[in-house]
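J.: Residue numbers (the UniProt record's numbering): 1 to 333.
No residue lacks a Cβ here, since even glycine has one placed at the ideal position from N, Cα and C.
Keep in mind it's a predicted model, so treat the numbers as computed, not measured.
Just passing along the structure, written as structure tokens.
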Amino acid sequence: MHSTRLTRPATLLLALGLATLGLALGLLNRPAIPLEKLSIAVARTPLSTPIFVAADRGYFRQQGLDVELHEVIGGNRAFDQLIEGRTDLATSSDSVIMFNSFERRDFTVLASFVTSDNDIKLIASTDGPLRSVIDLAHHRIATTPGSSSEYFLHSIALMHDIDGSRLETRAINPENMSANLLDGHVEALSTWEPYAYQTVRALGEKAVVLPTRGLHSINFNLLALDSTVTTRRETLAAALRALDQSIDFMHLNPGQARKIARDRLGLEADFIEWVWPDYNFRLGLPNSLLIALDSGARWALNNGHVKAQPLPDFRHFLDGSLLQQVIPSTGQP
């Protein structure tokens, strides 16, 4: 009968193998690091596509985040969810930021992620009298107060020497504007996508899209309360990294990005193809945002849309420090 004795090298290899196996089993049995929960109020518009793509492609999870999206109609409603403490972040246009800056100082713009000079449109019907922007005075026009819809209308009127007091606006939520135009309760409407497109489709050959492309640009932005910026900096930086990944993917795969937006919002392919060229997706804090906020605030004060008070210092609301962690070349406006 022969006995088997292990040589010293063989013994060492066996011990190393057992140790490696034990380490592997230990790693497998180790509890997974829990994802950080984060909630975002997101306006249901193609402008929010970077957020939808980040969720669909798993970029938030890659950055250690378990993100819950609260989809709402309009940046004004998203902002309301933020200040009510129902979400950690919100998307909104610069107009929503501007109007609310007169009421509170406890929120911060972390970044802009898209700009457009044709997302908001003025639409009329051939059943009514409007055919040109210069005809806007003394006609009933639907707007959404405290939003880019209202500011856009007044900005376009001002460019055409129409005093704001001559505009007969009607406060209507965007999802109800098309029906009001079709019923003749208003003679035109000022609204953003996809409601502009839906109105054009509903009117068919009667649709009159007044020429405003290139006359007014909007930024769509990511906001947080100051308290969240103070206590959850790494979490917010992770969210910005996910958005940066998302926008890179969108530039490399525009067709897939459009499909994600279309499926998420339940929109027609024709609409996405129609509106997509109007969007410039880029993560940053451009100087144009600061200029837009300042000029919008001066308009609101001069035209009595807010109570008389000192002009807000919008540099207080823009914090690029977290964005610089993600994109070091980004500067503070």
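For Ser-227 and Asp-88, I'd like the C-alpha separation in whole angstroms.
T.: 10 angstroms
J.: Comparing alpha-carbon positions, which option in Arg-166, Thr-108, Gly-184 and His-160 lies nearest Pro-129?
T.: Gly-184
J.: With respect to the beta strand (DSSP E) encompassing Phe-107, which residues constitute its N-terminal and C-terminal limits?
T.: 107-116
J.: Taking the DSSP output, what are the residues bridged to Trp-192?
T.: Trp-192 is bridged to Ile-120.
J.: Do three or more CB pairs link the region 241-249 to the region 52-63 at distances below 8 angstroms?
T.: yes
J.: Just tell me which of Leu-311, Glu-205, Asn-173 and Gly-214 has its CA closest to the CA of Met-159.
T.: Gly-214
J.: If we require 4 or more residues per run, which alpha helix (DSSP H) segments fall completely within the region 141-193?
T.: If we require 4 residues or more, the alpha helix (DSSP H) runs fully inside the region 141-193 come out as 148-159 and 174-182.
J.: Based on Cα-Cα distance, which residue from Thr-212, Arg-104 and His-70 lies nearest to Leu-153?
T.: Thr-212
J.: Based on Cα-Cα distance, which residue from Pro-34, Asn-303, Ala-157 and Leu-222 lies nearest to Leu-322?
T.: Leu-222
J.: Which first and last residues belong to the beta strand (DSSP E) in which Asp-72 is found?
T.: Looking at the sequence provided, one finds Val at residue 72 rather than Asp. Its beta strand (DSSP E) spans residues 65-72.
J.: Just reading off the beta strand (DSSP E) that Val-208 is part of, what are its end residues?
T.: 207-209
J.: Please classify Asp-313: is it buried, with 16 or more other beta-carbons within 10 angstroms of its beta-carbon, or exposed?
T.: exposed
J.: Taking only beta-carbon atoms, is Trp-276 less than 8 angstroms away from chain C?
T.: Here there is only one protein chain, and chain C is not present.
J.: Give the DSSP-derived three-state secondary structure of Arg-233 in the structure shown.
T.: helix
J.: Tell me whether the beta-carbon of Ala-242 lies closer than 8 angstroms to the beta-carbon of Phe-102.
T.: no
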